[in-house]
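Using this note's numbering, read the sequence shown as starting at 11 and increasing by one per residue. Worksheet: one structure, shown below.
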Amino acid sequence: MKNILITGGAGFIGSHVVRLFINKYPEYRIINLDVLTYAGNLENLKDIAEKDNYVFEKADITDAKRVNELFEKYNFDGVIHLAAESHVDRSITNPMEFINTNIIGTVNLLNAAKEYWKDNFEGKRFYHISTDEVYGSLGKTGLFTEETSYDPKSPYSASKASSDHLVRAYKNTYKLPIVLSNCSNNYGANQFPEKLIPLSINNIKNNKTIPIYGKGDNIRDWLFVEDHASAIDTIYHNGQNGDTYNIGGINEWTNLDLIHKLCDIMDVKLGREFGSSRKLITFVTDRAGHDMRYAIDASKIEKELGWKPSLQFEEGLEKTIDWYLDNQKWIDNIISGDYEKYYDQQYKNR
Ligand code: NAD
Ligand code: TYD
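Set out below in structure tokens:
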């Protein structure tokens, strides 16, 4: 049995990756390492928690001793590293957590892999999951390719860029067998309602205002989270050693157009008068240093590995909205506690 470490497996994308691997590869033992920050939630994995090939380890990647102990205990064959602080707005308020987890935490994992695998890198793989935000911000035209120079603009993207550089440095210096991917904005079930889509779904449902930063003309390229998980599966198994793959939805939307679409679908689902949810839209003070546009050229992964997004955006949005409407308890558990405080701090003076 191969032992695969997945970090951040209790978070949004990580939980979809863990589920995919647990169900698709019974011959792998999946060890989910997660410290369970506000964004980590074991409820995301309750359907697979009792499977024989699943193990949960509550641990902090900034704790090098603990990371080393886990490498010693499980003798991992591979690592898929997703654990991170992931929200740009929080990185503006509190950059140090991003430096610690995203940079120091990644180096702790790299050091452990280098140390425990050094006698034989054969068959080993360290897969680092990153974001398109490391490339900075696009104007009206152009796409991010794997060759685009890094130009991160927020503490979040700078911390992810830094971790990407370190992963590549360990390949160059120590020959660590690595692979990386940089993905566009994900949406789907289990996303913490601090990000645009789940926050808006929750607010529409509760007849609360929908805060749109600036004019709502910033553009993002949206990918359904299960498509990201399938890309990660493809790259983990078939990606070239040392290579980077961009993953994207080929699906660009201004924030305002996206929220209009979301409002219209929700009016139908909630049996409200058409146009009533759009009235909740409120333009608020822009995010500091707000990146204008992200868009991915995903041709390399399609050409070399045969992966492309499977879902149309309308279908993905419907599935996502249905999941949030059907899982009120999941939302209630999140919203009790620190979420209210976060929401007040983030939005009250905008
Ligand atoms: P998330 O915030 O939903 O989940 C992060 C998970 O990491 C949580 O379970 C959290 O408990 C865990 N974690 C945080 N700090 C930790 C620590 N110190 N030790 C152990 N575990 C820790 O994030 P997500 O949206 O699922 O993103 C996962 C990864 O994918 C991140 O690396 C992110 O940069 C990357 N990514 C995200 C997106 C997106 O749209 N969400 C797009 C591209 C890339
Ligand atoms: P977000 O979901 O935070 O992802 P990212 O910043 O990583 O792209 O934000 C997506 C877009 O939506 C981004 O342009 C910022 C904007 N936004 C709002 O307009 N209002 C909000 O309340 C949030 C959270 C985001």
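C-beta atoms are modelled at their ideal positions from N, C-alpha and C, and glycine is treated no differently. Since the structure is predicted, the reported quantities are computational estimates derived from the model, not experimental observations.
Pick from the options that is closest to residue i, judged by C-alpha positions
{"i": "isoleucine 214", "options": "Leu176, Gly285 and Thr151", "result": "Gly285"}
{"i": "serine 191", "options": "His270, His138, Ala93 and Asp70", "result": "His138"}
{"i": "serine 172", "options": "Phe136, Gly115 and Leu315", "result": "Gly115"}
{"i": "aspartate 227", "options": "Met302, Ser169 and Met106", "result": "Met302"}
{"i": "alanine 305", "options": "His91, Ser194 and Glu314", "result": "Ser194"}
{"i": "threonine 158", "options": "Ser169, Thr151, Phe22 and Tyr145", "result": "Tyr145"}
{"i": "asparagine 54", "options": "Lys75, His26, Arg76 and Leu280", "result": "His26"}
{"i": "asparagine 261", "options": "Ile245, Ser210 and Leu327", "result": "Leu327"}
{"i": "proline 208", "options": "Lys313, Phe234 and Gln322", "result": "Phe234"}
{"i": "glycine 152", "options": "Val89, Asp307 and Ile222", "result": "Asp307"}
{"i": "phenylalanine 108", "options": "Ala122, Asn121 and Ala93", "result": "Ala93"}
{"i": "aspartate 44", "options": "Asp70, Tyr223, Ala241 and Tyr352", "result": "Asp70"}
{"i": "isoleucine 41", "options": "Glu283, Lys271 and Lys61", "result": "Lys61"}
{"i": "lysine 225", "options": "His247, Thr292, Thr141 and Gly252", "result": "Thr292"}
{"i": "serine 167", "options": "Asp99, Lys128, Asn130 and Trp127", "result": "Asp99"}
{"i": "alanine 20", "options": "Pro319, Lys68 and Thr72", "result": "Lys68"}
{"i": "arginine 297", "options": "Ile113, Ile269, Ile90 and Arg360", "result": "Arg360"}
{"i": "glutamate 156", "options": "Ala179, Ile257, Leu119 and Cys273", "result": "Ile257"}
{"i": "isoleucine 275", "options": "Val28, Val65, Asn112 and Phe323", "result": "Phe323"}
{"i": "aspartate 277", "options": "Ser210, Lys170 and Lys310", "result": "Ser210"}
{"i": "threonine 264", "options": "Thr47, Gly88 and Ile222", "result": "Ile222"}
{"i": "tyrosine 180", "options": "Tyr160, Asn196, Leu290 and Asn121", "result": "Asn121"}
Range covered by the beta strand (DSSP E) that runs through residue i
{"i": "histidine 138", "result": "135 to 141"}
{"i": "lysine 12", "result": "12 to 17"}
{"i": "isoleucine 90", "result": "88 to 91"}
Residue i Cβ short of 7 Å to the ligand NAD heavy atom set
{"i": "isoleucine 23", "result": "yes"}
{"i": "cysteine 273", "result": "no"}
{"i": "asparagine 104", "result": "no"}
{"i": "isoleucine 139", "result": "yes"}
{"i": "aspartate 118", "result": "The question names aspartate, yet the displayed sequence has asparagine at residue 118. For the ligand NAD, not one heavy atom lies less than 7 Å from the Cβ of asparagine 118."}
{"i": "asparagine 196", "result": "yes"}
{"i": "isoleucine 207", "result": "no"}
{"i": "lysine 310", "result": "no"}
{"i": "aspartate 231", "result": "no"}
{"i": "valine 177", "result": "no"}
{"i": "glutamate 236", "result": "no"}
{"i": "serine 210", "result": "no"}
{"i": "glycine 347", "result": "no"}
{"i": "glycine 249", "result": "no"}
{"i": "aspartate 70", "result": "yes"}
{"i": "glutamate 156", "result": "no"}
Distance cut-off 7 Å: residue i Cβ against heavy atoms of the ligand TYD
{"i": "tyrosine 223", "result": "yes"}
{"i": "lysine 218", "result": "no"}
{"i": "asparagine 110", "result": "no"}
{"i": "asparagine 261", "result": "no"}
{"i": "arginine 297", "result": "yes"}
{"i": "asparagine 265", "result": "yes"}
{"i": "histidine 91", "result": "no"}
{"i": "aspartate 99", "result": "yes"}
{"i": "histidine 300", "result": "yes"}
{"i": "asparagine 228", "result": "yes"}
{"i": "glutamate 125", "result": "no"}
{"i": "glutamate 204", "result": "yes"}
{"i": "glutamate 143", "result": "yes"}
Endpoints, the alpha helix (DSSP H) within which residue i is located
{"i": "isoleucine 341", "result": "338 to 344"}
{"i": "isoleucine 102", "result": "98 to 103"}
{"i": "tyrosine 352", "result": "350 to 357"}
{"i": "phenylalanine 81", "result": "74 to 84"}
{"i": "tryptophan 127", "result": "116 to 127"}
{"i": "lysine 313", "result": "309 to 315"}
**Request:** Could you pull out every unbroken beta strand (DSSP E) segment of at least 3 residues lying fully inside the segment 138 to 221, listed in chain order?
**Result:** Within the segment 138 to 221, the runs of beta strand (DSSP E) that reach at least 3 residues and sit entirely inside it are, in chain order, 188 to 193 and 195 to 197.
**Request:** May I have a chain-ordered list of the beta strand (DSSP E) segments no shorter than 3 residues that lie completely inside the segment 219 to 306?
**Result:** 220 to 223, 229 to 234, 254 to 257, 262 to 264 and 291 to 294
**Request:** Any chance you could list the alpha helix (DSSP H) runs of at least 4 consecutive residues sitting entirely within the segment 17 to 64, in chain order?
**Result:** 22 to 34
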